[in-house]
Amino acid sequence: MQPTPEQSPHHAYPDHWEADVVLRDGGTARIRPITTDDAERLVSFYEQVSDESKYYRFFAPYPRLSAKDVHRFTHHDYVDRVGLAVTVGGEFIATVRYDRIDETGRPASAPADEAEVAFLVQDAHQGRGVASALLEHIAAVARERGIRRFAAEVLPANNKMIKVFRDAGYTQQRSFEDGAVHLTLDLEPTAESLAVQRAREQRAEARSVQRLIAPGSVAVIGTGRNPGGVGRTVLRNLLAAGFTGRTYAVNSAFAADQATIDGVPAHRSIGEIGEPVDLAVVAVPADRVPEAVTDCGEHGVQGLVVLSAGYAEWGAEGRERQRELVRQARSYGMRIIGPNAFGVINNSDAVRLNASLAPESPAPGRIGLFTQSGAIGIALLSGLYRRGAGLSTFISAGNRADISGNDFLQYWYEDPDTDVALLYLESLGNPRKFTRLARRTAAVKPVVVVKGARHSGSTPPGHAVPVSRIPDATVSALMRQAGVIRVDTVTEMVDAGLLLADQPLPAGPRIAILGNSESLGLLTYDACLAEGLRPRPPRDLTTAATPQNFRDALAEALADSNCDAVVVTAIPWVGENGEAESGDGEVLAAALRTAAATGPAKPVAVVHVEIGGLAEALAAATSTAAVPPVARASAAAAPDASTAPADRAVPPTALAASSTAPAGPPTPTTPGDHLTRQRSDTGPGDTPAVPTLGRIPAYPAAERAVRALAEAVKYAQWRRQAAVPGKVPEFLDDTIDEAGAAARIDALLGPDPDPRGRTLGHDEACELLGRYGITVRPTLPAPDPDAAVAAAARLGYPVALKTTAPHLRHRADLGGVRLDLANEAALRRAYGELTDLLGKPTELQPVVQSMAPRGVDTVVRATIDPAAGAVLSFGLAGAPSELLGDTAHRLVPATDRDAAELIRSIRAAPVLFGWRGSAPVDSAALEELLLRVSRLVDDHPEVVSVALEPVVVATQGLTVLGASVRLAPPPARTDLGPRRLSNY
């Protein structure tokens, strides 16, 4: 007798199906399984659905649900019959249900692998992407339960539902039967379905951020009645910034007759306002925050910035309070910046929002800044302000319990007001997603990251996120692979950000150096060499150089086709009385900016020593206003900028960045493209505009300027390469037995695998690797001298005798290896020496192996990190490389370009390519091996670790002498599942 649904062994509530999702309009909702307790919610939901939507669902008028219907739609076995609901504020806004069917369309159980699916979305919530999100989740549930296809009957007039199925990206078939459209969807994810899912994710998460930083109205909850305090400070900053929307002050302690405070309407609750409020800034004690969130949620507030402290940074009790805060806010469809946040700033002219504790908004600019630390945020704002840099947006997310750096990467990706993204991160909650988003964003605009807490081995206080076990050096390498500019300090982040925001990308590493100090020029030259750039000999203009001399020299350097970027060095002029004259900074700035604007679009950086006003003048903003003819003539004819009054009258703001940006989707630009666009905006007969170039960044030290320029060079090279992505060679398919490997892995793990996994024996590992075309050189055990001699006779001389004891494995420096044993006598002698020196054969576990051709010993590894995913690693074998950490890493799956870069990325790479006259190794064979290992771990997530050591790479071919493989049940791949917000 088959068990009833209530008796089914699979009837346990599947809480892992619960998920918070971001909808198309940026609001959030919760998806969860429907339970027997949902009868009243279901009836209430159905009563709010229009008659037309009911007709589309049931193909007939169906005004109300019967008791039998309610029972059927709320009782599921979570295997053959599953129902999911979307809730906001605890109430249903949509449902979906599948029923497993056989080939005749009748109810069935496994092994039937098809199910009928039907949706119903409340009319008020149609158009928000609810059905699309539900389809992703119900499809994932079905796959988990062994269902491979969905069947759906849709009325031809139900265009919205047909579009949901059509746009999902799944392989599908359509037919018209009995007056309805019959749809069949294969639920196996495809490249198209994954792309659709991620595009929807990007739009939804970007919109959720936009709701927070571009509100039409803001309420400050916790505005103090007396001057001072957090809430009153935020209100003051909102007003000072000139926020373009409506502002309200909220405090439950306000007197009933108090109408305003600081000229702003004052209310005792959000409900009293009587008008829509888009954003609430919460600045009340932590124990009063839940009351404020309820008030906001029940009155339609779209998002929260929670400045209140007392959450995860305060320990276990605070962590639970933080989780409850997120659950409460999301239940109302709201997202949160914070808690323990410093605030947000949006400098757009249409918004002018300063909902932060920063006393002054930074100037408008093209840099977006995200930081997890309020203190670091203050320091960065101060540093950018001192150097004249402008911001598009600023976010200090505090504990970032909800909104994170990933969300802002989604927003900045298409934000026309942001050209460079700067992020200070102390933790990576979802490294796989961060890497994916960073790679996509870096393809259109630079992403600069400082990673704090690199070596602490723990999560910073307040950040309840998964901790990755991979070393920081590996994290850095993976960021580089994704195009992220990883720097070590916030000072370096500002240095790089200034250059990238206002200068074109360099076309190469060739650097021209010019200036009025030979010593400063030589320091710059040395710094360029240290950073891997190709500097030209410095051009010394002598200490007598005038601003006009600088202008001419810079124009000449920019026009040189053998120059990709220019570093200008400047020291104060020395007057006739021997005293330094540092007051000509504005004149020199005008000269440099004029040369930069009229020459080819190449990056320019200035290194200066105590020249008053130079850095400020170089950073000043201007417009592209047309220049009067007299001014143009003066600028063109002035023979000497150091003495001509006309040149001194040139405003120091003559060459700054335009505040406009092209609209539309982000488009990758070539170096200098935006400058070319600016210089060609005028039409025939128009008065030409002042040629504009971004602010020229100035640096107080040569090393800082060169380091920023070197990062720009590497990023530009990555952009050029990313435009033509690598691929996995097709020839690998002919020598790979994927199905055979999968069957063997299943057999090795068994029907009830140990969650801890198991390390394969030598023969098992060799067999599995062989299915991917990886041959390991045979070894034979040698428990005694006679067995060693027999093994050598079988393998053929010369042979190697090696210990395999764990404490001696791969430690040739300890004497556990004897090579080139040409005959029996040499082998017996080596066996005796080995056992006399290191111990008994039972301890050493010696083996005999035939000698491989001479070459370079290398190591190839692949490991699975639960947070970051599969990582492919390469380095030279031996203690020096291990001691120095000289290992390169790439994310799996690796392409042919990744493999080529991997072996060239280590510092010891010259050893592979003919160092000191040696013969280059067979790099093509090594790259192929890396690709095969990558394919193995990518095709089979059960392979959690592979180590090939050593791999001897000769001039022709290579030999794998040792291999280790570990299998385990595959970890969950959250990056491939349906969209969901992280639950920390």
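Numbered by my numbering, the letters in the sequence shown go through residues 1 to 984 in order.
Think of the CB as a built atom: it goes at the ideal place given N, C-alpha and C, for glycine as much as any other residue.
Of the residues P538, A900 and V587, the one whose Cα lies closest to the Cα of C563 is P538.
Contact check for N399 against A312 passes: the beta carbons are separated by less than 8 Å.
Between V284 and A341, the beta carbon gap of about 14 Å keeps them out of contact (Cβ cut-off 8 Å). Taking the C-beta atoms as reference points, G483 is found nearer than 8 Å to A722. With a contact defined as Cβ atoms closer than 8 Å, R41 and E91 qualify at about 6 Å. In this structure, L981 keeps its C-beta atom at 8 Å or more from the C-beta atom of V141. Between the stretch 860-876 and the stretch 930-947 there are three or more C-beta pairs closer than 8 Å, enough to call the two in contact. With a cutoff of 8 Å on beta-carbon distance, L304 and F370 are scored as not near each other. Here L883 has no same chain residue with a Cβ atom under 7 Å from its own Cβ, once five neighbours each way along the sequence are excluded.
Judged by pairs of C-beta atoms under 8 Å, the stretch 507-523 touches the stretch 537-554, as three or more such pairs exist. In the DSSP annotation of this structure, the continuous segment of the beta strand (DSSP E) that includes K451 starts and ends at V447 to K451. Checking the DSSP bridge columns, you'll see V952 partnered with D857 and T959. In this structure E426 is buried. Its beta-carbon is surrounded by 16 or more other beta-carbon atoms within 10 angstroms. Cβ-Cβ distances below 7 Å link T223 to G231, R232, L235, A249, V250, N251 and I261 in the same chain, with the five nearest sequence neighbours on each side left out; the list follows chain order. In this structure, L84 lies away from I147, with their beta-carbon atoms at least 8 Å apart.
The alpha-carbon of G429 is positioned some 27 Å away from that of N354. Nearest C-alpha to L795 among R387, P785, L808 and T779: T779. Shown here for F119: same chain residues with a beta carbon closer than 6 Å to its own, the five before and five after excluded, namely V96 and A131 in chain order. Residue burial annotation: K68 is exposed, with fewer than 16 other C-beta atoms found within 10 angstroms of its C-beta. Exclusion of the five residues before and after E531 leaves V706, R707 and A710 as the residues of its chain whose Cβ lies within less than 7 Å of its Cβ. D784 and A527 have their C-alpha atoms some 59 Å from each other. Annotated three-state conformation of V117 is strand, per DSSP. For F92, the enclosing beta strand (DSSP E) has its first and last residue at E91 to I101. The Cβ neighbour count for L194, taken over all protein chains shown within 10 Å, is under 16; the residue is labelled exposed. Listed in chain order, the alpha helix (DSSP H) runs fully inside the stretch 228-306 are 230-241, 270-273 and 289-298, counting runs of at least 4 residues. When the beta-carbon positions are compared, A438 and L391 stay at least 8 Å from each other. The beta strand (DSSP E) runs lying completely inside the stretch 178-232 and spanning 3 residues or more are 180-186 and 217-221, given in chain order. In this structure, F150 is the residue among D123, N237 and F150 with its C-alpha nearest to the C-alpha of L135. R719 and T842 have their C-alpha atoms roughly 56 Å apart.
Taken through DSSP and simplified to helix, strand or coil, T775 comes out as coil. Remark: fewer than three beta-carbon pairs, one from each stretch, lie closer than 8 Å, so the stretch 919-927 and the stretch 821-831 are not flagged as touching.
Every beta strand (DSSP E) of 3 residues or more that sits fully in the stretch 16-56 is shown, in chain order, as 19-22 and 28-33. R268 and Q126 have their C-alpha atoms some 34 Å from each other. In the DSSP assignment, V70 falls within the alpha helix (DSSP H) that extends over A67 to T74. Only buried fits S53, as 16 or more other CB atoms lie within 10 angstroms of its CB. For the 8 Å CB-CB criterion, L926 and I906 do not form a contact.
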